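Taking it in order: structure first as structure tokens, then the write-up.
2 protein chains.
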Amino acid sequence: MTIQEKLPGGRREMTGTQSIRRSFAIVRHLAGASQEGEKLVDIANAMELPHPTAHRILKALEDEGIVERAEGTQRYRLAAETAWLGVAPFNRCPITRYASPHLDELVAQTGSSVLLSVPSHIDSVYADRRIGNLPSLLSQAEIGSRRPLGAGTGGRVMLAHMSPERLDSVLEQNAARYAQYRAGPETVRRDVAEARAQGFLVGNSPLSREGRVVAVAVRDVTGRAIGAISLVGPRSQGFERRIEGLLPQMRGAAREIAARIQQQRVTMRCQMPIPPRAAAG
Amino acid sequence: MTIQEKLPGGRREMTGTQSIRRSFAIVRHLAGASQEGEKLVDIANAMELPHPTAHRILKALEDEGIVERAEGTQRYRLAAETAWLGVAPFNRCPITRYASPHLDELVAQTGSSVLLSVPSHIDSVYADRRIGNLPSLLSQAEIGSRRPLGAGTGGRVMLAHMSPERLDSVLEQNAARYAQYRAGPETVRRDVAEARAQGFLVGNSPLSREGRVVAVAVRDVTGRAIGAISLVGPRSQGFERRIEGLLPQMRGAAREIAARIQQQRVTMRCQMPIPPRAAAG
DNA sequence: CCGCCGCTGTCCGGAATGTGGAAAGCGGCC
DNA sequence: GGCCGCTTTCCACATTCCGGACAGCGGCGG
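If you're matching them up, the sequences are chains L and S in order. Numbers 1 to 281, taken from our numbering, label the letters of the first sequence in order. Numbers 1001 to 1281, taken from our numbering, label the letters of the second sequence in order.
Written as structure tokens, this is what we have:
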């Protein structure tokens, strides 16, 4: 089976790096997977790769130290190495470090759960969190877990403060993935516009039916989103009414975090470049 | 030029993943490079790759979001993405988080600079630090910067509490690199033995001639090293005499950090697998 | 006990992918 | 203008990677 057959419009991009891209796609996939790791077959299926190919790549990743087998089982998961590779970049933009006290304060004063999200490639990652009075609302929001950027309220608020090119690119690439969050590119684009207009966004938690979410963006000096703070509360009149009052504090936290990052000696571009669209199918 | 010509003893390993390994070697290299990034040619030279090859790989890494061009220049450096990929593994072993207050305490009470190192592949990485009275001693120890595991005192202390296989593998692979730190595998092995025997190690700072270093290992529940705490002081009688007195506090800090990590719900293997030796030359 | 099943790991012929020498931009400096 | 250092593109070649087929392995049920 040749592949050259495809490429209808003669589009020919991202050539000569197939295996590298595949390996990073696997890393990204595992980054969002559960702590217990994933079986080879599941990874292969998720990546739409034949088992032997996935196996070969994972073996390479394993002895590069990027991936390890969860104890007892044969399941693959990311190893600590992955964290240490990111130490230097993290210290140029230590958003979790500076956000930490603000998250503490928010959960203490509101009782709602708090999430800190950051954009990674075309995903939104939970970088940190605090659990409030209703832990059930957060059941799926493990630290490090991922969703398509734009699926959740935090993601939409971040998209609202990204370059138009990046917004388009993300929406295009995530279009199919939105379905399982009962959304589509249009829904997302509408909320993004709203978030941009009012400076925050209220939405439903796609994780649990009863959750309601308020999110504001954390923006760097250029105005670009480098993260989002979300408060998660119950679907109740009480919470809905309090939202208005919560906003100033959330905005203040976002501003202070951004300011502290800005103070750092090395100014860094915290936002990502525009992810390239996938090859023509 | 065929490569098949080599392989004297018929050794044939790590096949079918050349480009993946190369790309991660580049990532590792950049992880240790300076904030300002590196030029294409320098990367290519360091990796012993032809420029076009390095270029192709870097381009792939760039639109995977792993690498970015430093603002203004064309230099390559790791992007924030790298940090977010590591969020989940980091939260299984958040050594910097738990170490932070202990580092504060150590620098406050001793006035010496403090370093937290972690093992990454065959390197030692500075995961965090506190600057004491003599900042000059730390000039080269940026957070995220790397040295061959075993080149410094912290690295030797970590090696002292790793599996014999891993020790051998690291020594073999780093043998050549030790030269520029005025050491060799034998020197390292001797210090490793000493560190294992006495539970700590005193050595010279390879970074600045005048520095003197005391290091203890942070060990997980199985006894394996997951990091090292180092105190850096001047080459003076005064500092030398105080070392004895500093040890209990350092040991205490190491134990408490390990204990807190242990308390976490998910027990994790913090140490790395044995890195494979390079292909036969 | 043996066959079945789901999964992991290995083999190997074939070709697409990755390679790297050569050369073309590109900007700065003398 | 010519030189120089660096980045980027090109393209023919063959090495690296691909993936179907199969072997191995442990658990389960008949």
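Backbone N, C-alpha and C fix where the C-beta goes; we use that ideal spot for every residue, glycine too. A quick note: this is a predicted structure, and the numbers were derived from the prediction, not measured.
Going by CA-CA distance only, name the one from the options that's closest to residue i.
i	options	result
L:Arg255	L:Val218, L:Ser117, L:Arg241 and L:Pro119	L:Val218
L:Gly282	S:Ile1131, S:Cys1093 and S:Ile1122	As shown, chain L starts at 1 and ends at 281. That puts residue 282 of chain L outside it, with no answer to give.
L:Arg224	L:Asp191, L:Leu247, L:Ala258 and L:Ala197	L:Ala258
L:Arg53	L:Ser23, L:Ser34, L:Gly65 and L:Ala151	Checking the displayed sequence, the identity of residue 53 of chain L turns out to be Thr instead of Arg. Ranking the options by Cα distance to L:Thr53, first place goes to L:Ser23.
S:Val1232	S:Ser1112, S:Thr1187, S:Phe1090 and S:Leu1106	S:Ser1112
S:Ala1151	S:Glu1064, S:Asp1123, S:Ile1226 and S:Arg1241	S:Asp1123
L:Met250	L:Ala83, L:Gln109 and L:Thr82	L:Gln109
L:Gly65	L:Ala83, L:His51 and L:Leu49	L:Ala83
L:Ser34	L:Asn204, L:Gln180 and L:Gln140	L:Gln140
L:Ala80	S:Leu1085, S:Pro1089, S:Arg1130 and S:Glu1142	S:Pro1089
L:His121	S:Asp1063, S:Gly1238 and S:Glu1105	S:Asp1063
L:Ala25	S:Arg1130, S:Ala1175 and S:Ala1060	S:Ala1060
L:Glu244	L:Arg260, L:Gln198, L:Ser205 and L:Gly211	L:Gln198
S:Val1027	L:Val41, L:Val67, L:Gly86 and L:Glu68	L:Gly86
L:Arg21	L:Leu167, L:Glu38, L:Lys39 and L:Leu49	L:Leu49
S:Asn1091	L:His55, L:Glu142 and L:Gly203	L:Glu142
S:Leu1134	S:Glu1105, S:Pro1101, S:Ser1100 and S:Phe1239	S:Phe1239
Only counting the same chain, and skipping five residues up and downstream in sequence, which positions put a Cβ closer than 7 Å to that of residue i?
i	result
S:Arg1277	Low confidence applies here, because S:Arg1277 scores a pLDDT of 41, under 50, leaving its location unreliable; read the following figure in that light. So the list reads Ser1169, Glu1172 and Gln1173, once near-sequence residues are dropped.
S:Ala1195	Arg1156, Val1157, Ala1160 and Leu1201
L:His29	Ile43, Ala46 and Met47
L:Ala31	Leu78, Gly144 and Arg146
S:Leu1246	Thr1110, Val1214 and Leu1231
S:Tyr1098	Ile1257, Arg1260 and Ile1261
What residues in its chain sit with their C-beta under 6 Å from that of residue i, if we drop five residues either side in the sequence?
i	result
L:Ala215	Thr153, Gly154, Val157, Leu201, Ala228 and Ser230
S:Gln1262	Val1221
S:Val1192	Arg1156, Leu1159 and Ala1160
S:Ala1127	Thr1096, Leu1116 and Val1118
S:Gln1018	none
L:Arg130	Leu103, Val107 and Val114
S:Gln1264	none
L:Glu68	Ala79
S:Arg1190	none
S:Ala1175	Pro1185
L:Arg235	Glu210 and Arg212
Assuming residue i is part of the beta strand (DSSP E), what are its boundary residues?
i	result
L:Pro94	Unbroken run through L:Pro94: none, as it is neither H nor E.
L:Glu68	Val67 to Arg69
L:Arg255	Per DSSP, L:Arg255 belongs to no beta strand (DSSP E); it is in the alpha helix (DSSP H), Gln237 to Gln263.
Among residues of its own chain, excluding the 5 on either side of residue i, which ones have a beta-carbon nearer than 8 Å to its beta-carbon?
i	result
L:Glu36	Ala70, Thr73, Arg75 and Arg77
L:Tyr178	Pro148, Gly150, Ala151, Gly184, Pro185, Thr187 and Val188
S:Thr1015	none
L:Met162	Pro119, Val170, Arg224, Ala225 and Gln271
L:Ser205	Leu137, Gly152, Thr153, Gly211, Arg212, Val213 and Val232
S:Leu1040	His1051, Ala1054, His1055, Leu1058, Gln1074 and Tyr1076
S:Ser1100	Asp1128
Tell me, please, which residues DSSP counts as bridged to residue i.
i	result
L:Pro148	L:Asp123
S:Asn1204	S:Arg1212
S:Gly1227	S:Val1218
L:Tyr178	DSSP, once it has assigned bridges, lists no residue as partnering L:Tyr178.
S:Val1114	S:Arg1130 and S:Leu1231
S:Arg1077	S:Glu1068
L:Glu38	L:Tyr76
Taking the alpha helix (DSSP H) that residue i belongs to, which residues open and close that run?
i	result
L:Ile20	Gln18 to Gly32
S:Gly1155	Thr1153 to Leu1159
S:Gln1198	Pro1185 to Gln1198
S:Ile1143	Run containing S:Ile1143: none; DSSP gives neither H nor E here.
L:Thr53	His51 to Asp63
Exercise for review: Taking a Cβ distance cut-off of 7 Å, strictly less, list which residues of the region 1067-1098 of chain S are near chain L, in chain order.
Suggested key: Glu1068, Glu1071, Leu1078, Ala1079, Ala1080, Glu1081, Thr1082, Ala1083, Trp1084, Leu1085, Gly1086, Val1087, Ala1088, Pro1089, Phe1090, Asn1091, Arg1092 and Cys1093
Review point. When you check each C-beta in the region 117-139 of chain L against every C-beta of chain S, which residues fall closer than 7 Å?
Key: Val118, Ser120, His121, Val125 and Ala127
**Study point:** Cβ-based contacts, 8 Å cut-off: residues of the region 1047-1064 of chain S near chain L
**Key:** Arg1056, Ile1057, Lys1059, Ala1060, Leu1061, Glu1062, Asp1063 and Glu1064
Practice item. Please list the residues of the region 138-153 of chain L that have a C-beta atom closer than 8 Å to any C-beta atom in chain S, keeping them in chain order. Key: Glu142, Ile143, Gly144 and Ser145
Check your understanding: Taking any Cβ of chain S, which residues in the region 31-42 of chain L have a Cβ under 7 Å from it, in chain order?
Key -> Ala31 and Gln35
Check your understanding: the region 1226-1259 of chain S: which residues have C-beta closer than 7 Å to a C-beta of chain L, in chain order?
Key -> none
Practice item. Would you list, in chain order, the members of the region 1012-1027 of chain S that have their beta-carbon closer than 7 Å to a beta-carbon of chain L? Key: Gly1016, Thr1017, Ser1019, Ile1020, Arg1021, Ser1023, Phe1024 and Val1027
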